[in-house]
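Below you'll find the structure, written out as structure tokens, and then a few comments.
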Amino acid sequence: MPELPEVETVRRGLEPVLAGRVLAHVDQRRPDLRWPLPERFAERLAGRRVTGLGRRSKYMLIGLEADDRSPEETWIVHLGMSGRILVSGAMLGEFHHAAPGPGKHDHVIVTTDRGDVVTYNDARRFGARDLWPTAGLEAHPLLAGLGPEPLGNAFSGTALAAAFAGKRAPVKAALLDQRVVAGLGNIYVCEALHRAGISPKRLAGSLSRSRIERLAGEVVSTLNDAIAAGGSSLRDYRQADGELGYFQHSFRVYDREGAPCPTQGCGGTIRRIVQSGRSTFHCAGCQR
DNA sequence: ATGTGTTCCTGTCCGC
DNA sequence: TGCGGACAGGAACACA
Numbered sequence: 003m004p005e006l007p008e009v010e011t012v013r014r015g016l017e018p019v020l021a022g023r024v025l026a027h028v029d030q031r032r033p034d035l036r037w038p039l040p041e042r043f044a045e046r047l048a049g050r051r052v053t054g055l056g057r058r059s060k061y062m063l064i065g066l067e068a069d070d071r072s073p074e075e076t077w078i079v080h081l082g083m084s085g086r087i088l089v090s091g092a093m094l095g096e097f098h099h100a101a102p103g104p105g106k107h108d109h110v111i112v113t114t115d116r117g118d119v120v121t122y123n124d125a126r127r128f129g130a131r132d133l134w135p136t137a138g139l140e141a142h143p144l145l146a147g148l149g150p151e152p153l154g155n156a157f158s159g160t161a162l163a164a165a166f167a168g169k170r171a172p173v174k175a176a177l178l179d180q181r182v183v184a185g186l187g188n189i190y191v192c193e194a195l196h197r198a199g200i201s202p203k204r205l206a207g208s209l210s211r212s213r214i215e216r217l218a219g220e221v222v223s224t225l226n227d228a229i230a231a232g233g234s235s236l237r238d239y240r241q242a243d244g245e246l247g248y249f250q251h252s253f254r255v256y257d258r259e260g261a262p263c264p265t266q267g268c269g270g271t272i273r274r275i276v277q278s279g280r281s282t283f284h285c286a287g288c289q290r
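Position one of the first sequence corresponds to residue 3 (this note's numbering), numbered consecutively onward.
Spelled out as structure tokens, the structure:
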């Protein structure tokens, strides 16, 4: 499911449910996601009050107040490919599961002191979670190597040009590299490259400065447009509040093989190719 | 040191 | 309908 816009959408949906609340009950179910569960995970969460929800790249960061056993900590959540978070309970005025009991892939179920139920579900279990002192969060192994936030001040054409310098990888691969810029995935890389009129096959280090400037701007506008639409819903993915994101209707190339290129006057056809084992969608007519 | 291929896991879809 | 294969929004890891 999730690239940066989807994680941001989930964060915004979850914030009013969790911020300021106490995690009254934590039901830790299947322990093995991508890595084994941290020690005493459920016990360390239970009873803690949530200070707020942040995000770094595709990681959602749930801040927890200190208690008599632990300092301030952050519950780090990564949704992997198939992770989702569902909310049910009083706040939404409904209980979303008709069938009683947790689903097969519901791995963590948290009940807040207000009675809302937050369920972390991940069929493929590529997701990750950890609990880490907030004071040293940037040193967490999963966060330490990340490049700049594309919607933050540190990201710019200058920054992107510096990261691309000397790179022999195709620009598609370079943008997927989380050390270059953090938070893009397969969909938004394809979309931003199309908006920028750049071939995904072009080597990152060979792009002119002006084209990199354009690309940096299109990365930002693509992500902002997607966040404004509530992210993209593929298959049955749902937002935290149960609404569907609708940016998938704005895809210009992703999953549109064979469709006419939407660029005005281009007349090309969207093609699918494979780059480092992953689908790339592009138009050879207007992406050079 | 970089760049690419493989791998983790389950579900879904498509062709036969 | 069933079955096999391809493919899926990620990214760590092994290897050239």
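Each residue gets a CB set at the ideal place from its N, CA and C atoms; glycine is no exception.
Between the CA atoms of residue j and residue i - distance to the nearest angstrom
i      : j      : result
Asp227 : Val89  : 25 Å
Ser158 : Ala218 : 6 Å
Arg116 : Ala21  : 11 Å
Pro4   : Ser72  : 30 Å
Pro18  : Asp118 : 11 Å
Glu193 : Glu220 : 9 Å
Ala125 : Leu139 : 28 Å
Arg36  : His80  : 10 Å
Tyr190 : Gly168 : 23 Å
Pro172 : Val276 : 12 Å
Thr2   : Arg127 : Look at the range of the chain in this structure, 3 to 290, and you will see that residue 2 is not part of it.
Gly260 : Thr282 : 13 Å
Glu10  : Ser208 : 32 Å
Arg57  : Gly232 : 15 Å
His109 : Cys268 : 47 Å
Arg204 : Arg290 : 8 Å
Leu177 : Ala206 : 9 Å
Arg170 : Asp69  : 49 Å
Arg86  : Ala141 : 26 Å
Ser212 : Leu55  : 36 Å
Val28  : Pro38  : 17 Å
Gly82  : His107 : 14 Å
Gly247 : Glu67  : 31 Å
Ile229 : Arg273 : 26 Å
Pro40  : Arg181 : 25 Å
Residue i beta carbon near the ligand NAP (any heavy atom closer than 7 Å)
i      : result
Ser210 : As presented, the structure is devoid of all ligands, the ligand NAP included, so that no description of it is given.
Member of the options whose CA lies at the smallest distance from the CA of residue i
i      : options                        : result
Arg258 : Ser234, Ser235, His284, Gln266 : His284
Ser278 : Asp179, Ala184, Glu215, Phe249 : Asp179
Val255 : Ala286, Ser84, Gly232, Gly267  : Ala286
Ser84  : Ser235, Gln266, Arg280, Thr271 : Ser235
Ile78  : Arg280, Arg86, Thr136, Arg197  : Thr136
Gln266 : Arg274, His196, Leu25          : His196
Glu74  : Ile87, Ser59, Arg51, Gly82     : Arg51
Glu215 : Arg32, Leu39, Pro104, Phe166   : Phe166
Asp34  : Asp132, His251, Lys174         : Asp132
Ser210 : Ala164, Pro150, Arg181         : Ala164
Glu8   : Arg273, Phe249, Gly105         : Phe249
Ser1   : Leu39, Ala175, Ala230, Gly103  : For residue 1 there is no data in the structure shown, the boundaries of the chain being 3 and 290.
Leu225 : Arg273, Val183, Arg274         : Val183
Arg31  : Leu55, Thr121, Gly82           : Thr121
Contact belief for residue i with residue j at Cβ below 8 Å, rounded distance in angstroms
i      : j      : result
Trp134 : Thr76  : 6 Å
Leu144 : Ala130 : 7 Å
Gly199 : Cys263 : The Cβ separation is near 11 Å, so there is no contact.
Val222 : Leu162 : That pair is no contact at about 11 Å.
Leu6   : Gly270 : Their Cβ separation, rounded to whole angstroms, is 28 Å, which puts Leu6 and Gly270 out of contact at 8 Å.
Val24  : Gly49  : 7 Å
Ser155 : Arg280 : Reading off the sequence, residue 155 comes out as Asn, not Ser. Going by Cβ atoms, the distance from Asn155 to Arg280 rounds to 30 Å, so no, they are not a contact pair.
Gly298 : Asn123 : Because the chain here runs from 3 to 290, residue 298 falls outside it and cannot be looked at.
Ser59  : Glu151 : 7 Å
**Inside the region 34–75 only - beta strand (DSSP E) runs reaching at least 3 residues** = 52–58, 61–66
**Prompt:** Would you call the region 40–52 and the region 7–16 in contact, with 3 or more CB pairs under 8 Å?
**Reply:** no
**Request:** May I have a chain-ordered list of the alpha helix (DSSP H) segments no shorter than 4 residues that lie completely inside the region 149–186?
**Result:** 159–166, 173–178
**Asked** Does the region 101–114 come close enough to the region 59–69 to have 3 or more Cβ pairs within less than 8 Å?
**Response** no
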